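Enquirer:
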Amino acid sequence: MAARTRALETILVGKGLVDPAAVDALIETYETRVGPRNGARVVAKAWMDPSFAQWLRSDATAAIASLGYSGRQGEHMRALFNGDGVHNLVVCTLCSCYPWSVLGLPPVWYKSPPYRSRAVIDPRRVLGEFGVVLPAETRIEVWDSTAELRYLVIPQRPPNTDDLDEEQLAALVTRDSMIGTGFPRARP
Amino acid sequence: MGFGPVAPEPNEPMFHADWEKRALGLTIAAGGMGHWSIDESRFARENRHPADYYSSSYYEIWIKGLETLLLQHGFITVADLAAGRPVDPSPTPRRVLREEAVATLVSVGTPCDRLLSASPEFAIGDRVRARNINPARHTRLPRYARGKVGLVVAMHGGFVFPDANAEGDRSAAQHLYTVRFAAAELWGPQGDVRSDVHIDAWESYLEPV
Numbered sequence: 038m039a040a041r042t043r044a045l046e047t048i049l050v051g052k053g054l055v056d057p058a059a060v061d062a063l064i065e066t067y068e069t070r071v072g073p074r075n076g077a078r079v080v081a082k083a084w085m086d087p088s089f090a091q092w093l094r095s096d097a098t099a100a101i102a103s104l105g106y107s108g109r110q111g112e113h114m115r116a117l118f119n120g121d122g123v124h125n126l127v128v129c130t131l132c133s134c135y136p137w138s139v140l141g142l143p144p145v146w147y148k149s150p151p152y153r154s155r156a157v158i159d160p161r162r163v164l165g166e167f168g169v170v171l172p173a174e175t176r177i178e179v180w181d182s183t184a185e186l187r188y189l190v191i192p193q194r195p196p197n198t199d200d201l202d203e204e205q206l207a208a209l210v211t212r213d214s215m216i217g218t219g220f221p222r223a224r225p
Numbered sequence: 237m238g239f240g241p242v243a244p245e246p247n248e249p250m251f252h253a254d255w256e257k258r259a260l261g262l263t264i265a266a267g268g269m270g271h272w273s274i275d276e277s278r279f280a281r282e283n284r285h286p287a288d289y290y291s292s293s294y295y296e297i298w299i300k301g302l303e304t305l306l307l308q309h310g311f312i313t314v315a316d317l318a319a320g321r322p323v324d325p326s327p328t329p330r331r332v333l334r335e336e337a338v339a340t341l342v343s344v345g346t347p348c349d350r351l352l353s354a355s356p357e358f359a360i361g362d363r364v365r366a367r368n369i370n371p372a373r374h375t376r377l378p379r380y381a382r383g384k385v386g387l388v389v390a391m392h393g394g395f396v397f398p399d400a401n402a403e404g405d406r407s408a409a410q411h412l413y414t415v416r417f418a419a420a421e422l423w424g425p426q427g428d429v430r431s432d433v434h435i436d437a438w439e440s441y442l443e444p445v
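Now the structure itself:
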């Protein structure tokens, strides 16, 4: 694939259809600027600020944009709040839709046939494969990203974190906890 | 069973080879010419032999999809690909994505919501059935939901209709709903009794119950 991709780039650049500097800039953007730290900041603010959490529930796109996160594969956002007895899990069975603006590029497993096919039909076992074991009575709400809405899970705030500030809270928020395949870290 | 267990990687590199980075950048940059929509590119990636689709990695599918789009739109030819360099002339694109436009492209994206004059046919709380339709070409109605009854839990206004958008008709839009299906409705007795699956469905995917 390396040779095939290089050949395609040679053709496109040679024809003046693609600017290689733009390709470099796109790669750099997703390698360094857009990633799950964005989403962690959204979650931490939701934990700290009830009015921001309310804004996330009513208009997640605007609330998230107020922190500077918007655009490609995050044009239309919805926030899913985990609660006592309710756990949310996000998948895209049709391709690999994922909220790039807040989580960056999706991990390989999220794009893989096992996850895409089994998250809807066997979510409890899939969660178990991630080490997420929920009480039997906890409902699992699965969200299949079939349109241009992108879903961000807001996990429950870990216990004994009342004295932490927003930055310290954000450090507890894992990427997987914002997909639904993990929990936030316990405080160190 | 089936595809087997989910296999997270311990170190999770963002890219597994340099060509994957170029595949990402090239796909977005070529999309920046403005000649195809996200749904047309999805269709180009997904409309291939299942054995090819399932044995190709994510970025392999992107490169194959990109070649398909470029061939279909006449920007490259089979002779170009065979030579590995430009051989044939290509039409002038609407625009070329320049480095200085990348930040805006990323931060603005391509919003797909549309104002509709037609009122929505369904409301929150309505029971609806996902139609048993089997379009020959692109659709975003998952097969597992077809014929199944669910509940409208959210309404989103108008959104670009992917089945038409994939064919180059960017003007078609329909009301979009989130529909909740009980796992038992989708999967029968094997469904987890404490689980639901939600899909986002365009109005023509649904019928009243």
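Line by line, the protein sequences give chains S and E.
Counting from 38, one number per residue, gives the positions in the first sequence under the numbering used here.
Counting from 237, one number per residue, gives the positions in the second sequence under the numbering used here.
We put the CB at the ideal spot given by N, CA and C, even for glycine.
Note that the structure is predicted; figures quoted are calculated from it, not measured.
Check whether the segment 130–141 of chain S touches the segment 57–74 of chain S, counting contact only when three or more Cβ pairs, one atom from each stretch, lie closer than 8 Å.
Expert: Yes: the two stretches touch, three or more of their Cβ pairs being nearer than 8 Å.
Enquirer: So residue 369 of chain E contacts chain S; which residues on that side make the cut at Cβ distance below 8 Å?
Expert: For the purposes of this step, residue 369 of chain E is taken as residue 133 along the second sequence, with counting starting at 1. Ordered by position in chain S, no residue passes the 8 Å Cβ test against residue 369 of chain E, which lies about 14 Å from the chain.
Enquirer: Would you tell me roughly how many angstroms separate the C-alpha atoms of residue 261 of chain E and residue 353 of chain E, rounded to the nearest one?
Expert: For the purposes of this step, residue 261 of chain E is taken as residue 25 along the second sequence, with counting starting at 1. For the purposes of this step, residue 353 of chain E is taken as residue 117 along the second sequence, with counting starting at 1. Computed Cα separation, rounded: 38 Å.
Enquirer: Compare the beta carbon distance of residue 124 of chain S and residue 177 of chain S with 8 Å and say whether it is the shorter of the two.
Expert: Working through the first sequence from its first residue, we reach residue 124 of chain S at position 87. Working through the first sequence from its first residue, we reach residue 177 of chain S at position 140. Yes, the pair counts as a contact, with Cβ atoms nearer than the cut-off.
Enquirer: Closest by CA to residue 271 of chain E, which one among E:368, E:282 and E:302?
Expert: Against the second sequence, residue 271 of chain E aligns to sequence position 35. When the alpha-carbon of residue 271 of chain E is set against those of E:368, E:282 and E:302, the nearest one is in E:302.
Enquirer: Which term fits residue 239 of chain E, buried or exposed, when burial requires 16 or more other beta carbons within 10 angstroms of its beta carbon?
Expert: The residue given as residue 239 of chain E occupies position 3 in the second sequence. So residue 239 of chain E counts as exposed.
Enquirer: What residues from chain E crowd round residue 69 of chain S, counting only those whose CB sits closer than 8 Å?
Expert: Start at 1 with the first residue of the first sequence, and residue 69 of chain S comes out as number 32. Going along chain E, no residue has its Cβ under 8 Å from residue 69 of chain S, so there is no contact; the nearest lies around 10 Å.
Enquirer: Take residue 445 of chain E and list the residues in its own chain whose beta-carbon comes closer than 7 Å to its own, dropping the five residues that flank it on each side.
Expert: Residue mapping note: residue 445 of chain E aligns to position 209 of the second sequence, counting from 1. 363, 364, 365 and 385, listed in sequence order.
Enquirer: Against residue 433 of chain E, what residues of chain S qualify as contacts under a CB-to-CB distance less than 7 Å, listed in chain order?
Expert: Stepping through the second sequence from its first residue, residue 433 of chain E is reached at position 197. Going along chain S in sequence order, the residues near residue 433 of chain E (Cβ under 7 Å) are 157, 179 and 181.
Enquirer: With a threshold of 8 Å between beta-carbons, can residue 358 of chain E be considered close to chain S, or not?
Expert: Taking the second sequence and counting its residues from 1, the one referred to as residue 358 of chain E is at position 122. Residue 358 of chain E does not count as touching chain S.
Enquirer: Just to confirm the assignment: which complete alpha helix (DSSP H) runs, minimum length 4, are found wholly within the segment 100–167 of chain S?
Expert: 137–140, 145–148, 150–158 and 160–166
Enquirer: Whole beta strand (DSSP E) runs in the segment 363–410 of chain E with 3 or more residues, listed along the chain?
Expert: If we require 3 residues or more, the beta strand (DSSP E) runs fully inside the segment 363–410 of chain E come out as 363–366 and 385–396.
Enquirer: Taking only beta-carbon positions, decide if residue 84 of chain S is within less than 8 Å of chain E.
Expert: What you label residue 84 of chain S is simply residue 47 of the first sequence in a count that begins at 1. No - not a single Cβ of chain E is within 8 Å of the one on residue 84 of chain S.
Enquirer: Which class does residue 273 of chain E belong to by DSSP, given the choice of helix, strand or coil?
Expert: Residue 273 of chain E sits at position 37 when you count from the first residue of the second sequence. It is coil, neither helix nor strand.
Enquirer: Quick check: what's the CA-CA separation for residue 264 of chain E versus residue 294 of chain E?
Expert: What you label residue 264 of chain E is simply residue 28 of the second sequence in a count that begins at 1. What you label residue 294 of chain E is simply residue 58 of the second sequence in a count that begins at 1. When rounded, the distance between both Cα atoms is 15 Å.
Enquirer: Listing by chain order, which chain S residues have their CB less than 7 Å from the CB of residue 320 of chain E?
Expert: Working through the second sequence from its first residue, we reach residue 320 of chain E at position 84. The answer, in chain order, is 44 and 47.
Enquirer: Between residue 382 of chain E and residue 367 of chain E, which are expected to be in contact by the criterion C-beta below 8 Å, what is the C-beta distance as a whole number of angstroms?
Expert: Along the second sequence, read from residue 1 onward, the residue named residue 382 of chain E stands at position 146. Along the second sequence, read from residue 1 onward, the residue named residue 367 of chain E stands at position 131. Contact holds; Cβ gap of about 7 Å.
Enquirer: List, in order along the chain, the chain C residues whose C-beta lies closer than 7 Å to that of residue 334 of chain E?
Expert: Looking at the structure shown, chain C is missing, and the protein chains on hand are S and E.
Enquirer: Taking the beta carbon of residue 216 of chain S as the centre, do at least 16 other beta carbons fall within 10 Å, making it buried, or is it exposed?
Expert: Stepping through the first sequence from its first residue, residue 216 of chain S is reached at position 179. Residue 216 of chain S should be labelled buried.
Enquirer: Measure from the C-beta of residue 167 of chain S to each C-beta in chain E and report whether the shortest distance is under 8 Å.
Expert: Translated into the one-based positions of the first sequence, residue 167 of chain S becomes position 130. Cβ-Cβ to chain E under 8 Å: yes for residue 167 of chain S.
Enquirer: For residue 97 of chain S, which residues of its own chain have a beta-carbon under 8 Å away from its beta-carbon, when the five flanking residues on both sides are left out?
Expert: Residue mapping note: residue 97 of chain S aligns to position 60 of the first sequence, counting from 1. Excluding sequence neighbours, residue 97 of chain S sits near 114, 115, 116 and 189.
Enquirer: So, using beta-carbon positions, are residue 38 of chain S and residue 206 of chain S closer together than 8 Å?
Expert: Against the first sequence, residue 38 of chain S aligns to sequence position 1. Against the first sequence, residue 206 of chain S aligns to sequence position 169. In this structure, residue 206 of chain S does not lie closer than 8 Å to residue 38 of chain S by Cβ.
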